[in-house]
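Using our numbering, the first residue of the sequence shown is number -5, and each one after it goes up by one.
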Amino acid sequence: MRLFIAVRFSDEIRALLLESIAALSTQSLSGNFTDSKNLHLTLAFIGETGRTGAVRRAMDSVEASPFSLTVGGSGRFGNLWWAGIEGNPALSRLAAQLQAALRQAGFSIESRPFQPHITLGRQIVPKDKILLTIPSASMTVDKISLMKSERLGGRLVYTAIYERPLSEGCPTEKI
-5 MRLFIAVRFS DEIRALLLES IAALSTQSLS GNFTDSKNLH LTLAFIGETG
45 RTGAVRRAMD SVEASPFSLT VGGSGRFGNL WWAGIEGNPA LSRLAAQLQA
95 ALRQAGFSIE SRPFQPHITL GRQIVPKDKI LLTIPSASMT VDKISLMKSE
145 RLGGRLVYTA IYERPLSEGC PTEKI
């Protein structure tokens, strides 16, 4: 199973991101645009593993309280376009704690710096110069999700298989 840990978005943030994807799409000749159900913010990419119990224990070991997250702005890494996340020490601490707990459990986690972003589209071929403005919007992050990534009918599908509320000492919750 291909797994990652992520923040999933409120309906308001999801709607804002979908508007941005639509604007990006109209300015592109082609591209693979993120499906609305797949919008997320990756905290830790795990990769192929059947050790879901170990991942869940790593998630449960992290102590973090709910925090505010602000989405806004855009950019690109080559032909991948993304929406930005405002600098957020609580988010960075959470990602670092998760990655450390996963390494301690024996998972090979990338050591490159955490660069929070939301992928809007890949393999984007612009018609001309792309002008993409994403206004700021905030939400409270009160849980993290263990996500399974799989191809179904030729489409990439992300499914939450476990959720952990963010509240120190709070019990975990299965889906």
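Glycine residues also receive a C-beta, built at the ideal position from the N, C-alpha and C atoms.
Cut-off 7 Å between Cβ atoms - residues of its own chain near Ile7, not counting five sequence neighbours on either side: The residue labelled residue 7 in the question sits at position 13 within the sequence shown. Correct list, in chain order: Val65, Ala131 and Met133.
Within the segment 36 to 91, ranges of the beta strand (DSSP E) (whole runs, at least 3 residues): 61 to 71 and 74 to 79
Proximal residues to Ala95 (C-beta, below 7 Å), its chain only, five neighbours per side dropped: Looking up residue 95 in the sequence shown gives position 101. Ala52, Ser55 and Val56, listed in sequence order.
Leu18 and Ile112 closer than 8 Å at C-beta: For the purposes of this step, residue 18 is taken as the residue at position 24 of the sequence shown. For the purposes of this step, residue 112 is taken as the residue at position 118 of the sequence shown. No, Cβ-Cβ distance for Leu18 and Ile112 is not below 8 Å.
8 Å CB neighbourhood of Arg87 in its chain, flanking five on each side removed: Locating residue 87 in the sequence shown gives position 93, where the first residue counts as 1. Only Ala58 meet the Cβ criterion.
Sequence-distant residues of the same chain with beta carbon closer than 8 Å to Asn32, five excluded per side: In the sequence shown, the residue the question calls residue 32 occupies position 38. Answer for Asn32: Leu150, Val151 and Tyr152, listed in chain order.
For Asp122 and Leu160, the rounded distance between their alpha carbons: Within the sequence shown, numbered from 1, the residue matching residue 160 stands at position 166. Within the sequence shown, numbered from 1, the residue matching residue 122 stands at position 128. In a straight line, the C-alpha of Leu160 is about 43 Å away from that of Asp122.
Alpha-carbon to alpha-carbon, Gly47 and Pro165: Within the sequence shown, residue 165 is the residue found at index 171, counting from 1. Within the sequence shown, residue 47 is the residue found at index 53, counting from 1. Unreliable positioning characterises Pro165 in this predicted model, as indicated by a pLDDT of 44, which lies under 50. The coordinate reading is nonetheless provided below. Distance between the alpha carbons of Pro165 and Gly47 is about 16 Å.
Status (buried if at least 16 other CB within 10 Å, exposed otherwise) for Ser68: Stepping through the sequence shown from its first residue, residue 68 is reached at position 74. Answer is buried; the Cβ neighbour count reaches 16.
Nearest-angstrom Cα separation, counted from Gln91 out to Phe101: Position 107 of the sequence shown holds residue 101. Position 97 of the sequence shown holds residue 91. Answer to the nearest angstrom: the Cα atoms are 14 Å apart.
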